[in-house]
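Residue numbers (this note's numbering): 1359 to 1518. For every residue, glycine included, the Cβ atom is placed at its ideal position computed from N, Cα and C.
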């Protein structure tokens, strides 16, 4: 009796979660529970104030807090990512932007020891930690960690 096993995909592409990811999300959950307890205490303390007994005022204060917390959470989440992840996200947004000809990418050239500016429409692809662009019909590979800045119409759009 012959049994044939057909493997689909590669081991690297599996949907398994690593121990590091579990540990990271456990700490996120722990921090989230801490934030909930903190705000429960704050609201119990603030609830004794006379002007917050009005539900409309309490609703407005809560909405303002949520608005400010979204700004804070987006900043904190971007700090939690590694540099290459943040740069990769920004470069992918530029690469697939319909007006990418308006963007320029600045990177440090190790050999010339200076910052080089290239047009974003020269980008061919972004793969495995490298930015690939075409120059004189040749592919040039730039490590993503060397990207220092992304400019849009000459103004800073993203900075390392």
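On the DSSP letters alone, give me the boundaries of the beta strand (DSSP E) that residue i sits inside.
i            : result
residue 1378 : Per DSSP, residue 1378 belongs to no beta strand (DSSP E); it is in the alpha helix (DSSP H), 1377 to 1404.
residue 1511 : Run containing residue 1511: none; DSSP gives neither H nor E here.
Contact defined as beta carbons within less than 8 Å: I believe residue i pairs with residue j. What is the distance between those atoms, to the nearest angstrom?
i            : j            : result
residue 1450 : residue 1484 : 6 Å
Can the beta-carbon of residue i be found closer than 7 Å to that of residue j?
i            : j            : result
residue 1478 : residue 1463 : yes
residue 1497 : residue 1505 : no
residue 1500 : residue 1465 : yes
residue 1461 : residue 1510 : yes
residue 1416 : residue 1410 : yes
Among the options, which residue has its Cα nearest to the Cα of residue i?
i            : options                : result
residue 1482 : 1472, 1452, 1468       : 1452
residue 1397 : 1379, 1420, 1518       : 1420
residue 1457 : 1480, 1400, 1402       : 1480
residue 1486 : 1495, 1470, 1445, 1418 : 1445
residue 1488 : 1377, 1443, 1469       : 1443
At what residue ranges does the segment 1438 to 1501 contain a whole run of the alpha helix (DSSP H), taking only runs of 4 or more?
-> Counting only runs of 4 or more, we get 1441 to 1453.
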